[in-house]
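Presented below is the structure to which this report refers.
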Amino acid sequence: MVNVGIVGASGYTGGELLRLLLSRQDISVTLATSRKHNGEYVFRVHPNLKSITTLKFSNPSIDNIAKSCDYVFLAVPHGSAVNLVPKLLEVGLKVIDLSADFRLKDPKDYEKWYKFKHPFPDLLEKAVYGLPELHFDEIRKASLVANPGCTSTATILSLAPLVKNNLIDAERIIVDVKIGSSGVGGSPSIFSHHPERTYVVRPYQVASHRHTAEVEQELKRISNKNVKIGMTPHAVDIVRGILSTSYGFTNEKIQLSQIWHAYREAYNGRKFIRLVKDVQGLEKLPDPKYVVGSNFCDIGFELDERFGRIIAFSAIDNLMKGASGQAVQNLNIMLGLDETTGLLIPSLHPV
Ligand SMILES: NC(=O)c1ccc[n+]([C@@H]2O[C@H](COP(=O)([O-])OP(=O)(O)OC[C@H]3O[C@@H](n4cnc5c(N)ncnc54)[C@H](OP(=O)(O)O)[C@@H]3O)[C@@H](O)[C@H]2O)c1
């Protein structure tokens, strides 16, 4: 039995980790923290877990975590994991951090994109970017996994085969993202207040989204080229789900078969990647509606020969492949299990 703790278990990604882990026979969730809900039953905050667990929230303390866990998930806001991680590693725990605090390799990128000086640049070196489709072998041996962002996961997975095979100009890629309301977490604000959030198609951080940094970092690594991404996200009126649409401009005349080949070669045998490009049925190209509740990333594409561009789409559930599902996939890999253990759940239909 593996003992697992979740710091930040009252939030949306923490709740999703509980949903995925509480039904596992090989894992015991020994700790779920919340400072606001200390002492309360977990099901009072996550009603979907009623009759599933009698676990109560506790305060996050390094002593308690060290005593009760072998592996710990940090499902806390950016900036809150950075000081916890070194202490947890010091007492021999393995850490999967869902925040952005250890995703970027270059400390200067934290100053540029997150406006803070990273206090542990040596740990940035040590952290493994937790995208299993690109870093499987490193994740297996990692003590610290930096779980990717949700928009980054969707965008990197749809673009990686294109930049790797030099099918598009890596220095001029436009990315348009649509994201559901759970993407900003459970803390309410005027922007998430129901009358203000319902019906929106709202562009935000249109030229400065922080996930741009990790997308560029990973695509540079895979292509050995300079990569430039112009990303514009939009908040849309769904609760879960992301659709990432990327426009890449072709370097020369190419055939559709070359694009098929690039995706098939990149994701052959990868269980959570589904290539979706159909002429029949409801899902002809990726649509977040068909991944809700699952760990799948649906990827599709089209070639616009007139314009010389490839349009690449990917759809994920931001709380699953975009966060907690991927974090559990990483745990499985670290434990030497089949990466799909407990995760081959079909999406809900209809939602
Ligand atoms: N939501 C998504 O779709 C998504 C996707 C990918 C990645 N992420 C990342 O995952 C992390 C969690 O996101 P979320 O959406 O689950 O956020 P959330 O719903 O706001 O939950 C945050 C959790 O962290 C706890 N917390 C806050 N400050 C803390 C601190 N200083 N020390 C310990 N615990 C603290 C909160 O509980 P208490 O305040 O009661 O302790 C709560 O349980 C974030 O870094 C986020 O960027 C989120």
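Counting from 1 along the sequence shown, just add 39 to a position and that's the residue number in our numbering.
Even for Gly, the Cβ is constructed at its ideal location relative to N, Cα and C.
Just so it is clear, the structure is predicted and the values come from calculations on it, not from any experiment.
Looking at the structure shown, is residue 111 part of a helix, part of a strand, or coil, going by DSSP?
-> In the three-state scheme derived from DSSP, where H, G and I count as helix and E and B as strand, residue 111 is classed as strand.
Spatial distance of residue 72 from residue 78 (CA atoms) = Taking the straight line from one Cα to the other gives about 9 Å.
Anyone know if the C-beta pair for residue 57 and residue 41 falls short of 8 Å?
-> No. Outside cutoff.
Residue of 359, 375 and 338 minimising C-alpha distance to residue 349 | Closest by alpha carbon: 338.
In the DSSP assignment, what residue or residues form a beta bridge with residue 189?
-> Paired residue(s): none; residue 189 is not in a bridge.
Can you say whether residue 298 is buried or exposed, counting buried as having 16 or more other CB atoms within 10 angstroms of its CB?
-> Taking all protein chains shown into account, residue 298 has 16 or more neighbouring C-beta atoms within 10 Å of its C-beta and is therefore buried.
Based on the DSSP output, what are the partners of residue 42 in its beta bridges?
-> Residue 42 pairs with 67.
Does DSSP put residue 168 in a helix, a strand or coil?
-> Strand at residue 168.
Near ligand 1: residue 271 beta-carbon under 7 Å from a heavy atom = No, ligand 1 has no heavy atom inside 7 Å of this Cβ.
For the beta strand (DSSP E) that residue 53 lies in, which residues bound it at each end?
-> Element bounds for residue 53: not the beta strand (DSSP E) but the alpha helix (DSSP H), 51-60.
For the beta strand (DSSP E) that residue 239 lies in, which residues bound it at each end?
-> DSSP places residue 239 outside any beta strand (DSSP E), giving it a letter other than H or E.
Does the region 234-252 touch the region 149-160, meaning 3 or more C-beta pairs lie closer than 8 Å?
-> Enough Cβ pairs lie closer than 8 Å, so yes.
Do the region 128-136 and the region 176-189 make contact, defined as three or more Cβ pairs closer than 8 Å?
-> Because the criterion of three Cβ pairs below 8 Å is met, the region 128-136 and the region 176-189 touch.
If you follow the alpha helix (DSSP H) that residue 286 is part of, which residue opens it and which one closes it?
-> Per DSSP, residue 286 is not a residue of any alpha helix (DSSP H); the beta strand (DSSP E) it occupies stretches across 281-289.
Span of the beta strand (DSSP E) holding residue 210?
-> Run containing residue 210: 207-218, per the beta strand (DSSP E) assignment.
Indicate whether residue 69 and residue 43 have their beta-carbon atoms separated by less than 8 Å.
-> Cβ distance < 8 Å, so residue 69 and residue 43 count as in contact.
Compute the minimum distance between the beta carbon of residue 221 and the heavy atoms of ligand 1, and state whether it is under 7 Å.
-> The answer is yes for residue 221.
Regarding residue 369 and ligand 1, is the C-beta to nearest heavy atom distance less than 7 Å?
-> Not one heavy atom of ligand 1 lies closer than 7 Å to the C-beta of residue 369.
Candidates 114, 369 and 252: which alpha carbon is nearest residue 148's?
-> Nearest of 114, 369 and 252 to residue 148, Cα basis: 252.
For residue 273, three-class secondary structure by DSSP = Here residue 273 carries a strand assignment [DSSP, helix/strand/coil].
Residue 181 by DSSP, collapsed to three states: which one?
-> Shown here, residue 181 sits in coil according to DSSP, grouped into three states, outside any helix or strand.
Curious, which full-length beta strand (DSSP E) runs of at least 3 residues does the region 294-318 contain?
-> Taking only runs of at least 3 residues, the beta strand (DSSP E) segments lying wholly in the region 294-318 are 312-314.
Among the residues of its own chain, which have a CB less than 6 Å from the CB of residue 166, if the five just before and after it don't count?
-> Cβ neighbours of residue 166 within its own chain (closer than 6 Å, five residues either side excluded): 141, 183 and 185.
In the DSSP assignment, find the beta strand (DSSP E) that holds residue 133 and state where it starts and stops.
-> Residue 133 -> beta strand (DSSP E) spans 133-136.
From residue 320 to residue 97, what does the alpha carbon distance come to, in whole angstroms?
-> Cα to Cα, residue 320 sits roughly 47 Å from residue 97.
If you count every other CB in all the chains shown that lies within 10 Å of the CB of residue 218, and 16 or more means buried, which is it?
-> Buried, by the Cβ-count rule.
Starting from residue 261, trace the alpha helix (DSSP H) both ways and give me its first and last residue.
-> For residue 261, the enclosing alpha helix (DSSP H) covers residues 250-262.
Examine ligand 1 and report whether any of its heavy atoms sits within less than 7 Å of the Cβ of residue 168.
-> Checking the Cβ of residue 168 against ligand 1 gives no.
Looking only at C-alpha atoms, which of 376, 300, 85 and 372 sits nearest to residue 206?
-> Cα-wise, what sits closest to residue 206 is 300.
Residue span of the beta strand (DSSP E) that contains residue 342, given as start and end = Run containing residue 342: 336-343, per the beta strand (DSSP E) assignment.
Does the pairing of the region 351-365 with the region 216-230 give three or more beta-carbon distances under 8 Å?
-> Between the region 351-365 and the region 216-230, the count of Cβ pairs shorter than 8 Å is three or higher; the stretches touch.
Buried versus exposed, by CB contacts within 10 Å (16 or more), residue 100 | With fewer than 16 other Cβ atoms within 10 Å, it is exposed.
Run the proximity test for residue 157: is its beta-carbon closer than 7 Å to any non-hydrogen atom belonging to ligand 1?
-> Taking the Cβ of residue 157 as the reference point, every heavy atom of ligand 1 lies at 7 Å or farther away.
Please go through the same chain and pick out, in chain order, the residues whose beta-carbon is closer than 8 Å to the beta-carbon of residue 265, but skip the five residues on each side of it.
-> Same-chain partners within the cutoff: 209, 210 and 259.
Which residue or residues does DSSP assign as beta-bridge partners of residue 80?
-> Per DSSP, 95.
Can you say whether residue 110 is buried or exposed, counting buried as having 16 or more other CB atoms within 10 angstroms of its CB?
-> Taking every protein chain shown into account, the CB of residue 110 has 16 or more other CB atoms within 10 angstroms, so this residue is buried.
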